[in-house]
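The structure under discussion appears below in the form of structure tokens.
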Amino acid sequence: MQSLISDPVPMTAERQEAYLLRLRRQFPFVYVKTLTRTAFGRRVCALQLGAGSRKVLLTAGHHANECITADALWQWLFTYCDAVLHGGRIGGADARELYHESMVYLVPLVNPDGADLAAGSLPPDSPEYRAAASIAAQYPDIPFPSGWKSNLRGVDLNLNYPARWELARRIKKEHGVSGPAPRDFVGFSPLDQPETAALAAFTCCIHPDVMLALHTQGRVIYPGPAETAPPGSEALAAALSAASGYPVEPVPPESANAGFKDWFLQRFHRPAFTIEAGLGENPLPQAQLPEIYQALCGIITAALSG
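For what it's worth, my numbering labels the leading residue of the sequence shown as 48, then goes sequentially.
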């Protein structure tokens with residue numbers, strides 16, 4: 048197995064760039080595309096591999112203090128590529144069969160700016176850190192930087208999509224968030240951030256059959272609302288649950304607005320799930336990475352298998 052699990056520090060944009068170089072050397076059959084650059088110049092990348100007709104989109108690192116999901120997704124990618132190359136198995140399935148039956152797209156680090164802040168890689172005297180600290184000072188009850196979920200503009204990227212965005216804005220405003228914040232600010236309009244605009248455009252280009260949005264924490268799988276569930280959602284949710292041990296639970300109504308999954312369901316009417324990996328207080332310790340990887344490995348294999 049191509050092990051990355053031993054990396055002791057949280058995901059950063061710089062480490063992802065190192066992984067991209069390693070990927071190019073070891074597995075040149077993976078296609079890499081730069082979707083955009085953030086307001087502070089960091090790359091948001093998408094990766095593609097496979098030869099099949101079933102399209103599965105995997106996204107991680109939406110929230111700054113949840114980027115252990117990006118670690119796990121990179122671990123899965125290297126393990127899968129190695130298994131494809133050498134005729135191995137992953138998640139109990141034959142990797143080459145998965146490769147020939149599906150096309151997998153990955154956006155492992157949607158929020159590289161926020162990841163660098165939460166990981167502690169921004170110097171305290173840098174303009175980026177100072178800008179975030181000035182926003183955080185308005186919310187003294189949220190630990191800084193460990194409680195930071197947003198990008199460095201103070202926008203919660205998973206609340207910036209045009210699916211009941213106005214409702215999300217009203218709910219968050221009632222809870223005291225109406226401008227840039229460490230979490231819960233929906234932006235000034237839907238898709239007004241380069242990260243979300245690029246991810247939405249990319250998703251419209253590839254038109255996936257299934258989408259998984261990886262978050263932490265809770266060890267739970269959230270499908271869409273039961274009354275509007277796309278065909279096949281219930282059976283696939285059961286398969287994801289069986290593969291991981293994570294229960295399937297309904298999303299609280301107040302949390303089912305303006306997220307990437309909410310928009311995907313509204314736009315494509317195809318199965319989509321939020322996976323809340325791990326358990327504890329965000330950011331989860333790196334010691335949970337092996338357990339999170341094992342659960343996500345089963346979930347991703349089940350999604351690719353259909």
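C-beta: ideal position from N, C-alpha, C; glycine also.
Asked: Bridge partners - ARG84, DSSP secondary structure assignment; Found: ARG90
Asked: Distance, ALA130 Cα to ARG136 Cα; Found: 6 angstroms
Asked: Three-state class that DSSP yields for ALA358 in the structure shown; Found: Nothing about residue 358 can be reported from this structure: the residues present for the chain run from 48 to 353 only.
Asked: Cβ neighbour criterion (16 or more within 10 Å) applied to TYR78; Found: exposed
Asked: C-beta contact flag for LYS308 and ALA324 at 8 angstroms; Found: no
Asked: Simplified DSSP assignment, three categories, for HIS147; Found: helix
Asked: C-alpha distance - GLN185 paired with ASP203, whole-angstrom precision; Found: 16 angstroms
Asked: Residue of GLY265, ASN198 and LEU214 minimising C-alpha distance to ALA111; Found: ASN198
Asked: Cβ neighbour criterion (16 or more within 10 Å) applied to ILE182; Found: buried
Asked: LEU104 classed as buried or exposed, judged by whether at least 16 other C-beta atoms fall within 10 angstroms; Found: buried
Asked: Length of the line joining the Cα atoms of THR243 and ALA140; Found: 33 angstroms
Asked: Selected residue, minimal CA-CA separation from PRO300, among ALA107, GLU113, HIS133 and ALA273; Found: ALA273
Asked: Which listed residue (ARG143, THR81 and PRO270) has its alpha carbon closest to that of GLY281; Found: Here residue 281 turns out to be Glu, not Gly, going by the sequence shown. Considering only alpha carbons, the answer is PRO270.
Asked: Boundaries (first-last residue) of the alpha helix (DSSP H) holding LEU360; Found: The shown model of the chain, from 48 to 353, leaves out residue 360, and the question about it has no answer.
Asked: Nearest to LEU120 (by Cα), restricted to the options LEU94, ARG211 and PRO171; Found: LEU94
Asked: Contact between the segment 84–100 and the segment 155–172 (3+ Cβ pairs under 8 angstroms); Found: yes
Asked: Proximity below 8 angstroms, CB of ALA215 to CB of ASN304; Found: yes
Asked: Simplified DSSP state of LEU206, which is helix, strand or coil; Found: helix
Asked: For GLY194 and PRO229, believed in contact at Cβ under 8 angstroms, the rounded distance; Found: 6 angstroms
Asked: Three-state secondary structure assigned by DSSP to VAL131; Found: helix
Asked: Sequence-distant residues of its chain with Cβ nearer than 7 angstroms to ALA178 (five each side left out); Found: LEU199
Asked: Secondary structure of ARG200, DSSP reduced to three states; Found: coil
Asked: Assigned exposure category for HIS109 - 16 Cβ within 10 Å defines buried; Found: buried
Asked: Three-state class that DSSP yields for MET48 in the structure shown; Found: Reliability of the predicted coordinates at MET48 is poor, the pLDDT of 46 falling under 50, and no value is obtained from them.
Asked: Same chain, Cβ closer than 7 angstroms to ALA349, neighbours up to 5 away in sequence not counted; Found: ALA286, LEU287 and ALA290
Asked: PHE235 burial status per 10 Å Cβ neighbour count (16 or more: buried); Found: exposed
Asked: C-alpha distance - ILE10 paired with ARG211, whole-angstrom precision; Found: Only positions 48 to 353 of the chain appear in this structure, which leaves residue 10 out of reach.
Asked: Backbone secondary structure at LEU67 - three-state DSSP; Found: helix
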